[in-house]
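A quick write-up on the structure given underneath.
Numbering (our numbering), first residue to last: 1132 to 1478.
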């Protein structure tokens, strides 16, 4: 059968484009299948941890944004701050990041075609989706991955419907009041506040379904004061449920990358850092022996996501328990522990 590329990437979001860039840097031909025009917007916190900034720089991607110097947890009058030890992070509009990645992929010769991977086929020598065939298929098609489902890699979601968490993001035209990413802890919802330019702040709410954005923000006095009179920019966007589980990350010549490979929660804010690490691992472990190279990717995926999965799952579990109200006071009382956790996730 005709082979169009060494690597077929399904999904042209940031992780998919990063995978395409990785493939081109490795000397592989690549086709990206994406139904939407660039840039694509979606609900996300838009804060890049220092490790994500470094990973993008290695790919030759340097998006414009607002420097982030650390993380601040806020609950009532209790505050816990930690400044990044390894260098600054960056607050970047999702559309700005996507455009920068798309430009770099195009510069390196990646081909992007408009299409939707509704049916996926694979055989011993390759995989086909949206009429494009590659020796390998990297599924970077997000939380609700079609490829994951068709490859039989979905795992039953063990969360009760009432415990499912969703994300909602809104931008405000207001001068940032801090260079820190602020996480404001409400009764059931966290507000993830990220400055993304000199006059725009993004706020992502993480919590139960059907969260009322205005009511939730009004219940957080510190935020209410900063946002008083600030105009809303653009539409409010949502995503979820956030929790996604997989039985494996590989099936023959198909590999799951980024959110498609499994996701815990956005609370700790390093989703893109982990996705970029997966994109790198998915490409560098490609080899002639399918079984051996898939085993190498599974090991690399586990190593790249271990801290995120363990720490985030623990924090989300605590956030949904009676100890929720003690998270910020504990972080303030034990700054060394709080800082060590932040640095572990930020690297």
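We put the CB at the ideal spot given by N, CA and C, even for glycine.
Residue i, buried or exposed, once every other Cβ within 10 Å from all chains shown has been counted against 16
| i | result |
| --- | --- |
| residue 1136 | buried |
| residue 1292 | Any reading at residue 1292 must be qualified, since the residue scores a pLDDT of 47, below 50, and its modelled position is unreliable; no value is offered. |
| residue 1426 | exposed |
| residue 1313 | buried |
| residue 1343 | exposed |
| residue 1153 | buried |
| residue 1448 | exposed |
| residue 1366 | exposed |
| residue 1257 | buried |
| residue 1459 | buried |
| residue 1473 | buried |
| residue 1452 | exposed |
| residue 1306 | exposed |
| residue 1331 | buried |
| residue 1255 | exposed |
| residue 1289 | The pLDDT assigned to residue 1289 is 46, lower than 50, so where the model puts this residue is not dependable; a value taken from the coordinates is nonetheless given after this. Exposed, by the Cβ-count rule. |
| residue 1485 | In the structure displayed, the chain extends from 1132 to 1478; residue 1485 sits before or after that span and is not available. |
| residue 1441 | exposed |
| residue 1250 | exposed |
| residue 1400 | buried |
| residue 1430 | exposed |
| residue 1326 | buried |
| residue 1229 | buried |
| residue 1194 | buried |
| residue 1341 | exposed |
| residue 1225 | buried |
Under 8 Å between C-beta atoms of residue i and residue j
| i | j | result |
| --- | --- | --- |
| residue 1407 | residue 1183 | yes |
| residue 1201 | residue 1221 | no |
| residue 1205 | residue 1316 | yes |
| residue 1413 | residue 1428 | yes |
| residue 1267 | residue 1133 | no |
| residue 1371 | residue 1439 | no |
| residue 1339 | residue 1319 | yes |
| residue 1198 | residue 1181 | no |
| residue 1421 | residue 1146 | no |
| residue 1354 | residue 1398 | no |
| residue 1443 | residue 1396 | yes |
| residue 1303 | residue 1223 | no |
| residue 1478 | residue 1217 | yes |
| residue 1294 | residue 1285 | no |
| residue 1382 | residue 1260 | no |
| residue 1274 | residue 1386 | no |
| residue 1432 | residue 1380 | yes |
| residue 1093 | residue 1369 | Within the shown structure, residues of the chain are numbered from 1132 to 1478, placing residue 1093 beyond reach of any answer. |
Where the beta strand (DSSP E) containing residue i begins and where it ends
| i | result |
| --- | --- |
| residue 1321 | 1321-1328 |
| residue 1260 | 1258-1260 |
| residue 1121 | Lying before the first or after the last residue shown, residue 1121 is absent from the chain, which here runs from 1132 to 1478. |
| residue 1244 | 1242-1244 |
| residue 1411 | It is not in any beta strand (DSSP E) - residue 1411 instead sits in the alpha helix (DSSP H) that spans 1402-1415. |
| residue 1332 | 1331-1338 |
| residue 1454 | First-last for residue 1454: undefined, no H or E at that position. |
| residue 1395 | From DSSP, residue 1395 is part of no beta strand (DSSP E); its letter is neither H nor E. |
Residue range of the unbroken alpha helix (DSSP H) whose run includes residue i
| i | result |
| --- | --- |
| residue 1145 | 1145-1156 |
| residue 1181 | 1181-1189 |
| residue 1237 | 1225-1238 |
| residue 1345 | 1344-1349 |
| residue 1356 | 1352-1358 |
| residue 1474 | 1466-1477 |
| residue 1306 | Unbroken run through residue 1306: none, as it is neither H nor E. |
| residue 1423 | 1421-1450 |
| residue 1255 | Here residue 1255 belongs to no alpha helix (DSSP H), and DSSP marks it neither H nor E. |
| residue 1279 | 1277-1281 |
Own chain, CB closer than 7 Å to residue i, minus 5 neighbours either side, in chain order
| i | result |
| --- | --- |
| residue 1240 | 1155 |
| residue 1468 | none |
| residue 1351 | 1315, 1317 and 1322 |
| residue 1404 | 1180, 1182, 1183 and 1186 |
| residue 1271 | 1140, 1141, 1142, 1144, 1146, 1147, 1150, 1388, 1389 and 1391 |
| residue 1349 | 1355 |
Close-in-space but distant-in-sequence residues of the same chain around residue i (CB under 6 Å, 5 per side omitted)
| i | result |
| --- | --- |
| residue 1334 | 1301, 1322 and 1324 |
| residue 1149 | 1407 and 1410 |
| residue 1191 | 1235 |
| residue 1462 | 1204, 1211 and 1469 |
| residue 1159 | 1137 and 1138 |
| residue 1157 | 1414 |
| residue 1328 | 1197 |
| residue 1252 | 1259 |
8 Å Cβ shell around residue i - same chain, five flanking residues per side excluded
| i | result |
| --- | --- |
| residue 1263 | 1135, 1136, 1139, 1162, 1164, 1244 and 1246 |
| residue 1464 | none |
| residue 1347 | 1317, 1320, 1322, 1336 and 1338 |
| residue 1189 | none |
Cβ-heavy atom distance, residue i to the ligand ZN, below 7 Å
| i | result |
| --- | --- |
| residue 1320 | This structure lacks the ligand ZN; in fact it carries no ligand of any kind. |
Check: Okay, do the stretch 1352-1359 and the stretch 1373-1387 touch, 3+ Cβ pairs below 8 Å being the bar?
Finding: no
Fill in: Touching by the beta-carbon criterion (3+ pairs, under 8 Å), the stretch 1209-1220 and the stretch 1165-1176
no
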